[in-house]
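One structure below.
Number of protein chains: 2
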Amino acid sequence: MSILIVGSVALDTVEAGGRTVVDALGGAAVYSSLAATRLHSDVSIVAVVGRDFPDEHLATLRSERVDTSGVEVADGLTFRWSGRYHEDMIGRDTLDTQLNAFADFQPKVSEDLADAEYVFLANIDPSLQLNVLSQVRAPKLVVADTMNFWIQGKRPEVLRLLERADVISLNDEEAWLLTGERNIHRAGRAILGMGPRRVLIKKGEHGAVMHGAGEVFSLPAVPIETVADPTGAGDAFAGGFVGCLAATGADEPAAFRRAVAYGTVLASFCVEDFSVAGLLRATPQAVRERYDHLARMTKVPEAC
Amino acid sequence: MSILIVGSVALDTVEAGGRTVVDALGGAAVYSSLAATRLHSDVSIVAVVGRDFPDEHLATLRSERVDTSGVEVADGLTFRWSGRYHEDMIGRDTLDTQLNAFADFQPKVSEDLADAEYVFLANIDPSLQLNVLSQVRAPKLVVADTMNFWIQGKRPEVLRLLERADVISLNDEEAWLLTGERNIHRAGRAILGMGPRRVLIKKGEHGAVMHGAGEVFSLPAVPIETVADPTGAGDAFAGGFVGCLAATGADEPAAFRRAVAYGTVLASFCVEDFSVAGLLRATPQAVRERYDHLARMTKVPEAC
């Protein structure tokens, strides 16, 4: 089962916990593809970088089994994001955003990639997300991520995307913004009414909730005592989610719950280090151990 | 197994969701005892009310199998609390607090109640909590609740209480205040180092976490689409926790996890209505159904 991921590849400058990394490998397509390849080998990304993008970063992706044939190298510089996390490792300030080559990104899905069965549309302009969908032939599952910027600025396009996606991924504040419902379960149900079969609401250190028809699955985050850098956690979550589903091809309700648990596990690796270092340490054995830990630490005993 | 609960009995005036109730039955001992009696019949409270306290409220407690022989009727008025919840049903403003008879409360544990096997010390002055402990003979389990007011104002007494309690219950902000650790898992571990065998950290709509030696149990809240009044949720949680443990007398790790799940269930009934109306609707069958729902909605499938 092939996975196609479309999103940003970035050079991130991040301040967190008294440490700063400069121009580190980042971007939603990077985090999500590296999470997906922990679980499944057939992962391709479509993205754009500038001529300044270090070859070593592309080599890292390839050595981790990410197909980078869809990464276009455009004139100009690579997309850069810079941010500073607050002491609580939850709030953050964006210090600088330079779209650079990303500003004119027109995703082109090659003949090969157009046959992808699993598609993750990471957070980019919903018009581009819809455009990608018009290029893929018959995906088995489409997962789309979005954010407040598009919900506010391109609401009609976001609503069209919701009609086309099987699963939508967003955080609790974005769910509120999209629906006007502050209660996360009302918000989830309202978004279900907009089209998707399942809604993933990410709550950061509080975990995630998945709503489906007549179904709620709620999972806390893996306990992490030292969060180094939360950047990319939501994308790692989505990558783990899609990677798990593609690995088995299953689509019964339990398969989606399992996918949420794998997403939760991959997000926990992501936040343990800067850039992609935490994800790269997520060996199959480490992932499995953490998955089993998560299952144990949420297991409700039989009623008394 | 007998349960002794010491805490406030109050008349609450609450504004939430556009509705106001005036002088409604409330207080930590009320919420926790009514939650405990959903699961176990032998529940007694030690508390104080004023001469104005309506007989019907005492009759309600008795008809729900709460032993009120330890409720002292003092000269003066009953403790009153008044608060207004924000639109998000999470934040709240305290509008008025009148300690009245509660100001001079000196809990007296009768000969009969001094044999209690399970003791829940609801949130009162830690000096009084310690005084109650000196009056009970050989409790099997002591659960204590505290809050920011005492952590800041009576820290030495709170620390002594932590040395004496088996389980401490507090919310995430209070855990931070007590330990200086913003990360909930570091905070939980730090509190374990202060004496108790288990630490319950309540996270409101995000559920609860229990830390023990080499053990973490994390559970989301039961999804509630319409929260009417969050008052008492933490006390209902503690009451359900103690009630479940006393019902079986078990003390292996799974028994404590089950107790957290019952606490989570009772808290969910509590917030569905004003005052104790939600808890009174928690029939054994309704509690069991919601418990099973909670177990299902958090069940992590086998790894793939």
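Going down the list, the protein sequences come from chains U and G. Here the first sequence is numbered in the working numbering, starting from -3 and rising by one per residue. Here the second sequence is numbered in the working numbering, starting from -3 and rising by one per residue. Note that the Cβ used here is the ideal one computed from N, Cα and C, for glycine as well.
- Inside the stretch 81 to 108 of chain U, DSSP marks whole beta strand (DSSP E) runs of 3 or more residues at positions 88 to 94, from first to last along the chain.
- Judged by DSSP in its simplified three-state form, N179/U adopts coil rather than helix or strand.
- Within chain G, the residues whose beta carbon sits less than 7 Å from that of Y287/U are A299, listed in sequence order.
- Counting only runs of 4+ residues, the alpha helix (DSSP H) found wholly inside the stretch 169 to 227 of chain G occupies 180 to 188, in chain order.
- Measuring C-alpha to C-alpha distances from V115/G to each of A299/G, A140/G, G236/G identifies A140/G as the nearest.
- For E11/G, DSSP records a beta bridge to T16/G, R80/G.
- The beta carbon of F252/U sits no closer than 7 Å to any beta carbon of chain G.
- Here DSSP, grouped into helix, strand and coil, assigns V39/G to strand.
- For the pair of segments examined, the stretch 91 to 109 of chain G was found to touch the stretch 54 to 68 of chain G: the number of CB pairs separated by less than 8 Å reaches three.
- Rounded to the nearest angstrom, the Cβ distance from L7/G to R88/G is 17 Å, too far for a contact under 8 Å.
- The C-beta of T33/U has 16 or more other C-beta atoms within 10 Å across all chains shown, which makes the residue buried.
- C-alpha of R182/G to C-alpha of Q94/U: approximately 36 Å in a straight line.
- Taking a C-beta cut-off of 8 Å against chain G, the contacting residues of the stretch 264 to 298 of chain U are R284, Y287, D288, L290, A291, M293, T294, K295, V296, P297, E298, listed in chain order.
- A Cβ-Cβ separation of about 21 Å leaves A25/G out of contact with A12/G under the 8 Å criterion.
- With the criterion set as a beta carbon lying under 8 Å from some beta carbon of chain G, the members of the stretch 68 to 94 of chain U are E83, D84, M85, in sequence order.
- As a beta-bridge residue in DSSP terms, Y114/U pairs with I(-1)/U, L137/U.
- Nearest to K295/G by alpha-carbon distance, out of V256/U, G274/U, F270/U, R277/U, is V256/U.
- At a cut-off of 7 Å between C-beta atoms, H36/G does not count as an interface residue with respect to chain U.
- Around the CB of T260/G, 16 or more other CB atoms lie within 10 Å, so the residue is classed as buried.
- Contacts between T244/G and chain U, judged by CB atoms closer than 9 Å, involve C300 in chain order.
- Judged by DSSP in its simplified three-state form, S4/U adopts coil rather than helix or strand.
- Shown here, E52/U sits in a helix according to DSSP, grouped into three states.
- Contacts with chain G (Cβ-Cβ distance below 7 Å) from the stretch 205 to 216 of chain U involve V212, F213, S214, L215, P216, listed in chain order.
- The C-beta of H202/U comes closer than 7 Å to at least one C-beta of chain G.
- Scanning chain G for C-beta atoms nearer than 9 Å to the C-beta of A257/U yields V296, P297, A299, reported in chain order.
- Using beta-carbon distances, P219/U counts as an interface residue toward chain G, with a partner under 7 Å.
- R182/U has a beta carbon lying within less than 7 Å of a beta carbon in chain G.
- Taking C-beta separations shorter than 8 Å and ignoring five residues to either side along the sequence, the partners of R61/U in its chain run T33, S37, V39, following chain order.
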